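Be aware that the sequence shown starts at 28, since it is given in the numbering used here, and climbs by one per residue.
For reference, the structure discussed in these notes is given below.
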Amino acid sequence: MIGIMGSRPLVEIDKRMLAREGEWLVKTREIPELGPYRSRLEAIEALYRHVTICTGVLRRENPERVRQFVQHSITECKEPDCELCNALLALAPDANVVQLKA
28 MIGIMGSRPL VEIDKRMLAR EGEWLVKTRE IPELGPYRSR LEAIEALYRH
78 VTICTGVLRR ENPERVRQFV QHSITECKEP DCELCNALLA LAPDANVVQL
128 KA
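Spelled out as structure tokens, the structure:
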């Protein structure tokens, strides 16, 4: 699943995050304020999803993988050792998020 996010990491993630009134927003070129999200980690996941969609990467992927990627939620994922969750957690190691992993 992680390959779907591309081989290049996003740069300046912190500059794209905006905390306002207890919620997180993401600044992108296409959408000035994407969100709101309950946590910084959810906002980072939304940023990766947005960039992946806008760059056209999904057109080259298996439709089932695309569906899984678009519907993934780090706070609701129950897959043990999920590649996407692990990749997102590596980007925000200090994130305080409750995951519903089984």
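Note that CB positions come from ideal geometry on N, CA and C, so glycine has one too.
This one's a predicted model, so the numbers in the text were calculated from it and none came from an experiment.
7 Å CB neighbourhood of residue i in its chain, flanking five on each side removed
i, result
"V85", "The sequence shown places Leu at residue 85, not Val. Cβ within range, chain order: T79, V93."
"N113", "none"
Nonlocal neighbours in the same chain, by C-beta distance under 8 Å from residue i, ignoring five residues either side
i, result
"L115", "L68, I71, E72, Y75, I101"
"D108", "none"
"H77", "V53, T55, E57, I58, L61"
Nearest residue (CA-CA) to residue i, options the options
i, options, result
"E60", "R43, N113, H99", "R43"
"Y64", "C81, T82, L45", "L45"
Paired residues, beta bridge with residue i - DSSP
i, result
"Y75", "Bridge partners of Y75: none, in fact."
"V38", "In DSSP, V38 forms no bridge with anything."
"V53", "M44, L61"
Contact check, residue i vs residue j, beta carbons under 8 Å
i, j, result
"E48", "G62", "no"
Same chain, Cβ closer than 6 Å to residue i, five either side skipped, listed in chain order
i, result
"H99", "L111"
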